[in-house]
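Visitor:
Protein chains: 2
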Amino acid sequence: MGALDLEKMEPYDLATTVLPGMGREEQLEFLASLPPGRAAETLEHLRPDQQYWLLHHLPEDRGREVLNEMSSDAAVDLLLSLHPRQRSQLLEWIAPQYQEELRRLMAYPENSAGGLATVDYIAVREYWTAGEAIEHVRKVGREAELVYYLYVLDAQGHLVGVASLREVLLADPRTPLGELMKREVISVPAQADQEEVGRILSRYDLLALPVVDDAGRMIGIVTVDDILDVMEQEATEDVQRLGGVQPVAEPYMEASLGVLFRKRVGWLMALYVAEALTGTVMRHYESFISQVVALAFFVPLLIGTGGNAGSQASSLIIRALAVGEVTPAHVLRVIWRESRLGLALGLSMGAAGVLRALLLGTAGSIALTVGLAQVAIVLWASLAGALLPLLGKKIGVDPAVFSTPLIATATDALGLIIYFEIARLVLGL
Amino acid sequence: MGALDLEKMEPYDLATTVLPGMGREEQLEFLASLPPGRAAETLEHLRPDQQYWLLHHLPEDRGREVLNEMSSDAAVDLLLSLHPRQRSQLLEWIAPQYQEELRRLMAYPENSAGGLATVDYIAVREYWTAGEAIEHVRKVGREAELVYYLYVLDAQGHLVGVASLREVLLADPRTPLGELMKREVISVPAQADQEEVGRILSRYDLLALPVVDDAGRMIGIVTVDDILDVMEQEATEDVQRLGGVQPVAEPYMEASLGVLFRKRVGWLMALYVAEALTGTVMRHYESFISQVVALAFFVPLLIGTGGNAGSQASSLIIRALAVGEVTPAHVLRVIWRESRLGLALGLSMGAAGVLRALLLGTAGSIALTVGLAQVAIVLWASLAGALLPLLGKKIGVDPAVFSTPLIATATDALGLIIYFEIARLVLGL
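As given, the protein sequences belong to chains A and B, one line each in that order. Converting from the first sequence to the working numbering requires adding 295 to each position, the first position being numbered 1. Converting from the second sequence to the working numbering requires adding 295 to each position, the first position being numbered 1.
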């Protein structure tokens, strides 16, 4: 590939297709040959350990330049992932005032608005004219992460308004920003969760959201492209949690088997311990099974269907909680909805259960037992599936932890008790 | 709430908090009182049936104005959701040239780049200077969905370059766009799937992505805020599919019980039919259970753990497929990884199984049976959980359909056969 092609390539492609094909020395040479801003953008698409290795092994003045060109949110992510000794070394490379800003951002949790914010936004004053503001954008625009919103700050750094570059461009150049700006700025506190940030960006169709501290002073902005990355990451974690896996940071094909084993065996064991209760229940009803072996035939079907019904309810509620459609305050209404739904679904499945039992040639009384048990188990599983995530949310546990495997496991033991107790009543065991 | 407050409110808030509190007549009066652009933005946050009702009942000239102010992607969504008669009525309100553009966009599938595209972008010519381009933005900027990218088209409408407003502002006003623009434009074909569009936007940190037809002519742009909405919608559908629910379009608390019932009962029944196979398997081994009732104690534990292991593997692979980390071409490597992982997990769970059996006071030979069966079942479930979504992808079925409930159900029957066959060998039944 010629030098010309490389010059035109996107930083993402340089990081994901060009660099991986090079040896380490070659990577260093290549990065040193790029303009520092482009080298910084390329680095931002690598893993933190790779970023550090490259910065550390570049000629020091070069490494400094590249680090200072990185956007502040990327620099914060890198610094936070380093060993404290490496971190202080890199921090020394950064100009004192910028260093202070980075230290402030580093204090916010990684998943918060503050942790995602970049300080490379455009700040303007209320008394500037539109023409002056455009001059300012021309001057500082190259450093900024996003030039399309001009944030109006007062002398103490409080966010008092926002003007879009579009409005400023469209206006008469002599108009003061105070007349153009919107005073009702949509902003988030630094502690806001990243999902909340994404929701607000999407709701109000914004390209960036300003982040303020408790006193209303501007800390930085979160841009929509960072939120896209965050949403993809969150979706991955949710799907993995729903499958009963602790979130795995690396791509599946790159994660070591040891990591994948550890992320899976913990939950598998925890669920096993819970599921082991079913053995105790079964043994408790040993005499029932000895007397009517046919009862055992329906155990997998009954509890499997219960698990499926619970998983349906939990997936609906987990997602509704995630997008804010349902809150723990809705608990009574959720109970009322799932009671009716669970009963309707239970009756359908119960009818199927009776049919299945008769088809297997079992006695009518056993078929009746299976049918009644199926109604009760589906009802119970639907309620448990809906309520456990709500409970989790209430007590501050990620609702996605109440994954399908957990719901299935949690409903199995009681499902069996329901089954055998109905058998006792119907069959007179 | 005073008129002043309403004037400052965001369209989203008008649509979600102000309008729902009004009667229909009041809604019409309120919309008629808004500037048409603001009324259009507010409408875009309502459901299509509500949009149509309001447009239809506004004074006709007012309705026309508002409809023509809607962004083209929102107008397309609305038109597509209407009855053909209503659709032609609304189309008549639209200026002929714009009408033609809308008809072209309506031909693309809803989930494709073409279906999401808006035609309200800024088109410029290569020979214009930076200064002329800024003048153009000033003139047409108010109509555009996004003014921050200037798309350079040739006389036939082919997309030949893109310049960011930032670059154009920073440049000398006399520079021709041909010198400022990037000729390697990242674009997508109109048929591209919306997930692909999201991936490209996020990868290259873009605010909008141009959509071109097969001949490279520009059709429109997809903006990042539309993709945020799409990603949220897709995440909801994935979570619901993973839980074994057909995607529900309405929010959980608003969906009717009838809809929720239908979205759930279909899968539940389908899984039931599959799960019913377990009854046949159990009956086939009836004599084993009669001879050694203790064998039945471990059935829920063994197949439950198998289901959990399968669900872990499937959630990892489903997500890796969704983000493009794994493709069906990786099938052999996935088999090799999951064989080793499944074996390691199986051995761990098998050891736990032996322990559990001994704790329940069962004979050593039964404990051995349970342990061996657990190893084999976990191995088999891990492989099935990983391979079924890959197979789905290969044959064009959404991998998320291979949900946890489906994997659990699919692995139960063979899991039981494995268990009883091991029992035959070990116990000599």
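The beta-carbon is built from N, C-alpha and C at its ideal position, and this holds for glycine as well. The structure displayed is predicted, hence computed values, not measured ones.
Just to confirm my understanding: we take V371/B, look at its own chain, exclude 5 residues before and 5 after, and list those with CB closer than 8 angstroms. What are they?
Guide: Position 76 of the second sequence, counted from the first residue, corresponds to residue 371/B. The answer, listed in chain order, is L397, L400, M401 and G410.
Visitor: In terms of DSSP beta bridges, what is L454/A paired with?
Guide: Locating residue 454/A in the first sequence gives position 159, where the first residue counts as 1. L448/A.
Visitor: Buried or exposed for E302/B, going by 16 or more other Cβ atoms inside 10 Å?
Guide: Position 7 of the second sequence, counted from the start, is the residue given in the question as residue 302/B. Counting Cβ neighbours within 10 Å, E302/B comes out exposed, since fewer than 16 surround it.
Visitor: Anything in the region 689-709 of chain B with a Cβ closer than 7 angstroms to a Cβ of chain A? List those residues in chain order, please.
Guide: Cβ contacts with chain A: T699, P700, A703, T704 and D707.
Visitor: May I ask you to report which of helix, strand or coil DSSP gives E716/B?
Guide: One-based indexing of the second sequence puts residue 716/B at position 421. DSSP places E716/B in helix when its eight states are reduced to three.
Visitor: Measure the alpha-carbon distance for T699/A versus L377/B and round it to whole angstroms.
Guide: As a position in the first sequence, residue 699/A is number 404, starting the count at 1. As a position in the second sequence, residue 377/B is number 82, starting the count at 1. Answer to the nearest angstrom: the Cα atoms are 38 angstroms apart.
Visitor: Less than 8 angstroms between the CB atoms is what I'm expecting for A310/B and L341/B, so what's the real figure, rounded?
Guide: Position 15 of the second sequence, counting from 1, holds the residue named residue 310/B. Position 46 of the second sequence, counting from 1, holds the residue named residue 341/B. Confirmed, Cβ separation roughly 5 angstroms.
Visitor: Going by beta carbon distance, what residues of the same chain come within less than 8 angstroms of R536/B, once the five residues before and after it are set aside?
Guide: Taking the first residue of the second sequence as position 1, residue 536/B is located at position 241. These residues qualify, in order along the chain: P542, D693, A695, V696 and S698.
Visitor: Give the secondary structure of M365/A by DSSP, where H, G and I count as helix, E and B as strand, and everything else as coil.
Guide: Locating residue 365/A in the first sequence gives position 70, where the first residue counts as 1. In the structure shown, M365/A sits in coil (DSSP, three-state: anything other than H, G, I, E or B).
Visitor: Let's test the definition: count the other Cβ atoms within 10 Å of the Cβ of I690/B and tell me whether it reaches 16, buried, or not, exposed.
Guide: Residue 690/B sits at position 395 when you count from the first residue of the second sequence. Under this definition I690/B is an exposed residue.
Visitor: For D372/B, which residues in chain A fall below 9 angstroms Cβ to Cβ?
Guide: Against the second sequence, residue 372/B aligns to sequence position 77. Chain A residues near D372/B: none, gap ~15 angstroms exceeds 9 angstroms.
Visitor: On the CB-based measure, 16 or more other CB atoms within 10 Å of its CB, does R628/B come out buried or exposed?
Guide: Position 333 of the second sequence holds residue 628/B. Its Cβ having fewer than 16 others within 10 Å, R628/B is exposed.
Visitor: Since A608/A and A681/A should fall inside the 8 angstroms C-beta cutoff, what is the C-beta to C-beta distance between them, to a whole number of angstroms?
Guide: Taking the first sequence and counting its residues from 1, one reaches residue 608/A at position 313. Taking the first sequence and counting its residues from 1, one reaches residue 681/A at position 386. Confirmed, about 4 angstroms.
Visitor: Using a beta-carbon distance cut-off of less than 7 angstroms, what residues from the region 579-607 of chain B approach chain A?
Guide: Of all residues in the region 579-607 of chain B, E581, I584, S585, V588, A591, F592, F593, V594, P595, L596, I598, G599, T600, G602, N603, A604, S606 and Q607 have a Cβ within less than 7 angstroms of some Cβ in chain A.
Visitor: Where do the ends of the alpha helix (DSSP H) carrying P331/B lie?
Guide: Translated into positions along the second sequence, residue 331/B becomes position 36. Start and end: P331 to L338.
Visitor: Below 7 angstroms between beta carbons is the criterion; list the residues of the region 670-682 of chain B that meet it against any residue of chain A, in chain order.
Guide: From the region 670-682 of chain B, no residue has a Cβ closer than 7 angstroms to chain A.
Visitor: Use the C-beta contact count for L299/A: other C-beta atoms within 10 angstroms, 16 or more gives buried, fewer gives exposed.
Guide: Stepping through the first sequence from its first residue, residue 299/A is reached at position 4. Only weak support exists for where L299/A lies, its pLDDT of 49 falling under 50; the value from the coordinates is given anyway. Burial call: exposed.
Visitor: Look at A703/A and L572/A and say whether their C-beta atoms are less than 7 angstroms apart.
Guide: Taking the first residue of the first sequence as 1, we reach residue 703/A at position 408. Taking the first residue of the first sequence as 1, we reach residue 572/A at position 277. No, the pair does not count as a contact, with Cβ atoms beyond the cut-off.
Visitor: Does the Cβ of Y347/B have 16 or more other Cβ atoms within 10 Å, making it buried, or fewer, making it exposed?
Guide: Working through the second sequence from its first residue, we reach residue 347/B at position 52. With 16 or more Cβ atoms within 10 Å of its Cβ, Y347/B is classed as buried.
Visitor: Can you tell me whether E479/B is buried or exposed? The criterion is at least 16 other CB atoms within 10 Å of its CB, across all chains shown.
Guide: Sequence index remark: in the second sequence, residue 479/B carries index 184 (1-based). Classification for E479/B: exposed.
Visitor: Is G297/B close to chain A? Criterion is C-beta to C-beta, closer than 7 angstroms.
Guide: Within the second sequence, numbered from 1, the residue matching residue 297/B stands at position 2. Summary for G297/B: the model assigns pLDDT 47, below 50, so the residue's position carries little reliability, and this model does not support an answer.
Visitor: At a Cβ threshold of 7 angstroms, is G436/B touching chain A?
Guide: Here the question's residue 436/B lines up with position 141 in the second sequence. Output row for G436/B: interface = yes.
Visitor: Measuring only between beta-carbons, confirm whether I712/A sits less than 7 angstroms from chain B.
Guide: By one-based count along the first sequence, residue 712/A stands at place 417. Judged by the 7 angstroms Cβ criterion, I712/A is not in contact with chain B.
Visitor: Would you mind stating whether V665/B and F593/B have Cβ atoms separated by less than 7 angstroms?
Guide: As a first step, residue 665/B is located in the second sequence; it is residue number 370 there, counting from the start. As a first step, residue 593/B is located in the second sequence; it is residue number 298 there, counting from the start. Yes. Within cutoff.
Visitor: Whole angstroms are fine: how far does the CA of A550/A sit from the CA of G297/A?
Guide: Taking the first sequence and counting its residues from 1, one reaches residue 297/A at position 2. Taking the first sequence and counting its residues from 1, one reaches residue 550/A at position 255. Caution applies to G297/A, whose pLDDT of 46 falls short of 50 and renders its modelled position unreliable; the value that the coordinates give is listed next. Taking the straight line from one Cα to the other gives about 33 angstroms.
Visitor: Please give the ranges of any alpha helix (DSSP H) in the region 396-484 of chain A, keeping only runs that are unbroken, at least 4 residues long and fully inside the region.
Guide: Listed in chain order, the complete alpha helix (DSSP H) runs (minimum 4 residues) inside the region 396-484 of chain A are 408-411, 425-435, 460-465 and 472-475.
Visitor: How close, in whole Å, do the beta carbons of V731/B and L353/B come, if the pair is a contact with beta carbons under 8 angstroms?
Guide: The structure shown does not extend to residue 731/B, since chain B spans only 296 to 724, so no value can be given for it.
Visitor: Going by beta-carbon coordinates alone, are R512/B and H453/B separated by less than 7 angstroms?
Guide: Numbered from its first residue, the second sequence carries residue 512/B at position 217. Numbered from its first residue, the second sequence carries residue 453/B at position 158. Against a cut-off of 7 angstroms, the Cβ pair of H453/B and R512/B comes out as a contact.
Visitor: Please tell me whether G674/A and L711/A are closer than 7 angstroms, where the distance is taken between their beta carbons.
Guide: As a first step, residue 674/A must be located in the first sequence, where it is residue number 379. As a first step, residue 711/A must be located in the first sequence, where it is residue number 416. Rather than Gly, the amino acid found at residue 674/A in this sequence is Leu. Against a cut-off of 7 angstroms, the Cβ pair of L711/A and L674/A comes out as no contact.
Visitor: Could one say the Cβ of L411/B lies closer than 7 angstroms to chain A's Cβ atoms, at least one of them?
Guide: Counting from 1 along the second sequence, the entry for residue 411/B is found at position 116. No, L411/B lies away from the interface with chain A (no Cβ there is under 7 angstroms from its Cβ).
Visitor: Anyone know if the C-beta pair for A485/A and I516/A falls short of 7 angstroms?
Guide: What you label residue 485/A is simply residue 190 of the first sequence in a count that begins at 1. What you label residue 516/A is simply residue 221 of the first sequence in a count that begins at 1. For A485/A and I516/A, no; Cβs fall outside 7 angstroms.
Visitor: Quick check on the DSSP output: the beta strand (DSSP E) that includes A310/A runs from which residue to which?
Guide: Against the first sequence, residue 310/A aligns to sequence position 15. It is not in any beta strand (DSSP E) - A310/A carries neither H nor E in the DSSP assignment.
Visitor: Looking only at C-alpha atoms, which of G553/A, E570/A, T622/A and E532/A sits nearest to I613/B?
Guide: Taking the second sequence and counting its residues from 1, one reaches residue 613/B at position 318. Ranking G553/A, E570/A, T622/A and E532/A by Cα distance to I613/B puts E532/A first.
Visitor: Within 7 angstroms (strictly less), CB to CB, does V463/B reach chain A?
Guide: Taking the second sequence and counting its residues from 1, the one referred to as residue 463/B is at position 168. No, because no Cβ of chain A sits closer than 7 angstroms to the Cβ of V463/B.
Visitor: What do you get for A450/B, buried or exposed, if any count of 16 or more other CB atoms within 10 angstroms of its CB means buried?
Guide: The residue you call residue 450/B lines up with position 155 of the second sequence. Result: exposed.
Visitor: When we look at the beta-carbon of S677/A and count the other beta-carbons within 10 Å, is it buried (16 or more) or exposed?
Guide: Translated into the one-based positions of the first sequence, residue 677/A becomes position 382. The residue is buried, with at least 16 neighbouring Cβ atoms inside 10 Å.
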